[in-house]
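Residue numbers (the working numbering), protein chains in the order written: chain A, 1 to 115; chain B, 1 to 113. The beta-carbon is built from N, C-alpha and C at its ideal position, and this holds for glycine as well. Report on the following structure.
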């Protein structure tokens, strides 16, 4: 199996608040999860690689203090957008690497709108 | 790092015709090449992948070819149907393991009934 869930599917928040997004692998253990951001009609932009039990590795230009990632278990990674601003509005998608199949499966995404 | 280029950015075909999307990569160490289909507002779905120890892989109407020497790989969809309309992304990585995927810019395929 290769089911990845993501919650919430959409969220609207006020500027300055923090938003937490959860990514779960439901039927396999994922030592590695990835967080992407996708703007309309554009490709997936990798934000960070999340490894279970260790600090996330952030891509260049991604503020680690703004996008907090926690990967506390083999089935759960969270992305917290802190002090969100309108420019953070986007579609955030996680993916989980199935180590047995060596394939990457995506969650359904979270549409964040910051007012 | 790896650089993946994808062409064309948009593609329209008549129902029943074939569609071909091409990608090139820069890092000769890349050895895993998946293709994802993404419908509007939904998650990317893995539709087929190929590893560098094979040159071609087929799954019903979908096939992928890989030319390691030229560092390019292609997605072929035969007998296209309207439900094939979506955005397709190619990707490359140095897998397996924790290495991330490098994505192409996507191809918006429209199948005209």
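Look at the alpha carbon of residue i and the alpha carbon of residue j, and state the distance between them as a whole number of angstroms.
i                      : j                      : result
residue 91 of chain A  : residue 38 of chain A  : 5 angstroms
residue 127 of chain A : residue 16 of chain B  : For residue 127 of chain A there is no data in the structure shown, the boundaries of chain A being 1 and 115.
residue 76 of chain A  : residue 43 of chain A  : 24 angstroms
residue 96 of chain A  : residue 12 of chain A  : 25 angstroms
residue 64 of chain A  : residue 78 of chain B  : 44 angstroms
residue 75 of chain B  : residue 17 of chain A  : 43 angstroms
residue 59 of chain B  : residue 15 of chain A  : 47 angstroms
residue 103 of chain A : residue 9 of chain B   : 25 angstroms
residue 94 of chain B  : residue 66 of chain A  : 29 angstroms
residue 49 of chain A  : residue 7 of chain B   : 27 angstroms
residue 106 of chain A : residue 69 of chain B  : 30 angstroms
residue 72 of chain A  : residue 14 of chain B  : 49 angstroms
residue 108 of chain A : residue 102 of chain B : 19 angstroms
residue 31 of chain B  : residue 100 of chain A : 17 angstroms
residue 68 of chain A  : residue 112 of chain B : 44 angstroms
residue 143 of chain B : residue 82 of chain B  : Because residue 143 of chain B is not part of the residues shown, which for chain B are 1 to 113, the question remains open.
residue 57 of chain B  : residue 107 of chain B : 20 angstroms
residue 67 of chain B  : residue 94 of chain A  : 30 angstroms
residue 85 of chain A  : residue 55 of chain B  : 47 angstroms
residue 19 of chain A  : residue 6 of chain A   : 13 angstroms
residue 49 of chain B  : residue 61 of chain B  : 14 angstroms
residue 62 of chain A  : residue 83 of chain A  : 15 angstroms
residue 4 of chain A   : residue 42 of chain B  : 13 angstroms
residue 8 of chain A   : residue 41 of chain A  : 22 angstroms
residue 59 of chain A  : residue 23 of chain A  : 19 angstroms
residue 55 of chain A  : residue 12 of chain B  : 44 angstroms
Going along chain A in order, which residues have a C-beta closer than 8 angstroms to the C-beta of residue i?
i                     : result
residue 42 of chain B : 108 and 109
residue 73 of chain B : Under the 8 angstroms cutoff, chain A gives no residues; its nearest Cβ is about 16 angstroms from residue 73 of chain B.
Against residue i, what residues of chain B qualify as contacts under a CB-to-CB distance less than 8 angstroms, listed in chain order?
i                      : result
residue 103 of chain A : 34, 46 and 49
Between which residues of its own chain and residue i is the CB-CB distance below 6 angstroms, once the five residues before and five after are set aside?
i                     : result
residue 37 of chain B : 45, 47, 86 and 88
residue 88 of chain A : 81 and 114
residue 52 of chain A : 31, 71 and 74
Which whole-angstrom value describes the C-beta separation of residue i and residue j, a residue pair presumed to lie in contact below a C-beta threshold of 8 angstroms?
i                      : j                     : result
residue 80 of chain A  : residue 10 of chain A : With a Cβ gap of about 17 angstroms, residue 80 of chain A and residue 10 of chain A do not count as contacting.
residue 195 of chain A : residue 2 of chain A  : The structure shown has nothing for residue 195 of chain A, since chain A only spans 1 to 115.
residue 46 of chain A  : residue 36 of chain A : 6 angstroms
Mind pulling the chain B residues with CB within less than 9 angstroms of residue i?
i                     : result
residue 21 of chain A : Correct list: empty, because the minimum Cβ distance to chain B is about 14 angstroms.
residue 46 of chain A : 100, 101, 102 and 103
residue 34 of chain A : 100 and 101
Just the chain A side, please: which residues come within less than 9 angstroms of residue i by C-beta, in chain order?
i                      : result
residue 105 of chain B : 42 and 43
For residue i versus residue j, is the C-beta distance shorter than 9 angstroms?
i                     : j                     : result
residue 3 of chain B  : residue 27 of chain B : yes
residue 21 of chain A : residue 57 of chain A : no
residue 19 of chain B : residue 80 of chain B : yes
Name, please, each residue of chain B whose Cβ falls closer than 7 angstroms to the Cβ of residue i.
i                     : result
residue 93 of chain A : 43
residue 39 of chain A : Neighbours of residue 39 of chain A on chain B: none; closest Cβ ~12 angstroms, over 7 angstroms.
For residue i, which residues in the same chain have their Cβ closer than 8 angstroms to its Cβ, ignoring the five residues on either side in sequence?
i                      : result
residue 100 of chain B : 93
residue 91 of chain B  : 4, 33, 34, 35, 36, 101, 102, 103 and 104
Which residues in the same chain have their Cβ closer than 7 angstroms to the Cβ of residue i, if we skip the five residues on either side of it in sequence?
i                     : result
residue 72 of chain B : 22, 23 and 24
residue 84 of chain B : 77, 109 and 111
residue 39 of chain B : 86
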